[in-house]
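Data first, discussion second: the structure below is written as structure tokens.
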Amino acid sequence: MRTQQDTTHFHERIQVLRVVEADKEQQKLVQTVELLPEPEEVDPNQLDLFHDHGRA
Numbered sequence: 109m110r111t112q113q114d115t116t117h118f119h120e121r122i123q124v125l126r127v128v129e130a131d132k133e134q135q136k137l138v139q140t141v142e143l144l145p146e147p148e149e150v151d152p153n154q155l156d157l158f159h160d161h162g163r164a
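Using the numbering used here, you'd call the opening residue of the sequence shown number 109 and step up by one each time.
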């Protein structure tokens, strides 16, 4: 028969596994981003609009 502690330990391991899986997904995303071509130079005017929006 399982004790309460065994069950808790089991849940902790599941949490760790989920974190590892999420980490793998993150790695995939990062690799995908790195594969994208470099963005072209951004128009400074557009950049200003973007910053103004952030301050509002």
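No residue lacks a Cβ here, since even glycine has one placed at the ideal position from N, Cα and C. Since the structure is predicted, the reported quantities are computational estimates derived from the model, not experimental observations.
On the three-state DSSP scale, how would you describe residue i?
i	result
Glu133	helix
Glu148	coil
Gln113	helix
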